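Participant: Residue numbers (our numbering): 4 to 196. C-beta atoms are modelled at their ideal positions from N, C-alpha and C, and glycine is treated no differently. The model shown is predicted, which means the values in this text are computed figures rather than measured ones. Before we start, here is the structure in question, set down as structure tokens.
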Amino acid sequence: MNEPFESIARGRGRVVLLFCAALFGAAGCLYPGAEVPYVQTPTEVVTEMLRLAGVNGNDLVYDLGSGDGRLVIAAARDFGARGVGIEIDPHLVAQSAESARRAGVGDRVRFSAGDLFETDLSDATVVTLYLSPELNLRLRPKLLHELRPGSRIVSHDFNMGDWPPSQTIRVTSRDRVSNVFLWVVPPKTARAR
Numbered sequence: 004m005n006e007p008f009e010s011i012a013r014g015r016g017r018v019v020l021l022f023c024a025a026l027f028g029a030a031g032c033l034y035p036g037a038e039v040p041y042v043q044t045p046t047e048v049v050t051e052m053l054r055l056a057g058v059n060g061n062d063l064v065y066d067l068g069s070g071d072g073r074l075v076i077a078a079a080r081d082f083g084a085r086g087v088g089i090e091i092d093p094h095l096v097a098q099s100a101e102s103a104r105r106a107g108v109g110d111r112v113r114f115s116a117g118d119l120f121e122t123d124l125s126d127a128t129v130v131t132l133y134l135s136p137e138l139n140l141r142l143r144p145k146l147l148h149e150l151r152p153g154s155r156i157v158s159h160d161f162n163m164g165d166w167p168p169s170q171t172i173r174v175t176s177r178d179r180v181s182n183v184f185l186w187v188v189p190p191k192t193a194r195a196r
């Protein structure tokens with residue numbers, strides 16, 4: 004395996020990586036600059052992530068690594084929230100914007116091609132993730148620094164190391180069980196992480 008594939012194999016799992024490599028070769032699995040391959044979150048998991056976070060019409064949901072935009076679109080369409088998707092692949096950003104328009108929520112969501120570490124998250128009330136254990140740990144200081152107390156963070160499958168979640172649920176979809184983790188950002192005085 005080459006170096007980028009070895010680092011991704013630790014993040015999303017060797018099976019997905021090898022399947023992707025077998026189908027598309029090294030270049031087809033990872034957009035240049037991406038640290039994890041694009042893997043869709045099942046619709047059932049999307050819904051449960053948004054429910055667990057208690058998303059409602061007052062929320063601004065940021066999805067970091069938004070892929071095809073399904074989570075941001077569902078937040079707007081099904082929960083009345085506004086949403087922002089950050090994705091490194093401009094083709095997926097364009098696809099997401101078109102999907103939002105077709106879903107009738109184009110006025111309540113936006114998608115940007117960019118680096119999630121360079122994105123200002125201070126307006127978010129909810130941040131959703133499906134990245135990798137390593138990226139979650141690298142993002143944790145940024146999340147705790149930029150998000151206001153009471154903001155919620157929801158991650159599909161990957162935790163935040165030694166920061167225990169407020170709640171964890173298991174969601175079965177297509178014969179696969181996913182863990183969904185929720186954290187609530189504490190007051191500034193309690194952020195020793």
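1. Under the rule that 16 or more other beta-carbon atoms within 10 Å means buried, what is V120, buried or exposed?
2. Terminal residues of the continuous beta strand (DSSP E) containing T131?
3. Candidates F82, L55 and Y41: which alpha carbon is nearest D92's?
4. Using a threshold of 7 Å, state whether the C-beta atoms of V180 and M52 are closer than that.
5. Evaluate the contact criterion for the region 65-80 versus the region 102-112: three or more CB pairs, one atom per stretch, below 8 Å.
6. Could you give the first and the last residue of the continuous beta strand (DSSP E) run that contains I89?
7. Hey, could you find the ends of the alpha helix (DSSP H) V49 is sitting in?
8. Taking the DSSP output, what are the residues bridged to T122?
9. Straight-line CA distance for T46 to H159?
10. Starting from V75, trace the alpha helix (DSSP H) in both directions and tell me its first and last residue.
11. Quick check on R113: does DSSP put it in helix, strand or coil?
12. Taking a contact to mean a Cβ-Cβ separation below 7 Å, would you say G68 touches L147 in this structure?
Facilitator: Result, derived from the coordinates:
1. Locating residue 120 in the sequence shown gives position 117, counting from the first residue. Checking the sequence shown, residue 120 turns out to be Phe, not Val. It is exposed - the Cβ of F120 has fewer than 16 other Cβ atoms within 10 Å.
2. If you number the sequence shown from 1, residue 131 lands on position 128. Element bounds for T131: V129 to L132.
3. Locating residue 92 in the sequence shown gives position 89, counting from the first residue. The shortest Cα separation from D92 among F82, L55 and Y41 belongs to Y41.
4. As a working note, residue 180 is residue 177 in the sequence shown. As a working note, residue 52 is residue 49 in the sequence shown. Not a contact, by the Cβ cut-off of 7 Å.
5. yes
6. Residue 89 sits at position 86 when you count from the first residue of the sequence shown. Counting along the chain, the beta strand (DSSP E) containing I89 begins and ends at R85 to E90.
7. On the sequence shown, position 46 is the one that residue 49 refers to. V49 -> alpha helix (DSSP H) spans T46 to L55.
8. By 1-based counting over the sequence shown, the position of residue 122 is 119. DSSP, once it has assigned bridges, lists no residue as partnering T122.
9. Stepping through the sequence shown from its first residue, residue 46 is reached at position 43. Stepping through the sequence shown from its first residue, residue 159 is reached at position 156. Those two C-alpha atoms are separated by around 12 Å.
10. Within the sequence shown, the letter at position 72 stands for residue 75. R73 to F82 is the extent of the alpha helix (DSSP H) around V75.
11. Residue 113 sits at position 110 when you count from the first residue of the sequence shown. R113 falls in the strand class under three-state DSSP.
12. Within the sequence shown, the letter at position 65 stands for residue 68. Within the sequence shown, the letter at position 144 stands for residue 147. No; because the gap between Cβ atoms is not below 7 Å, this pair is not in contact.
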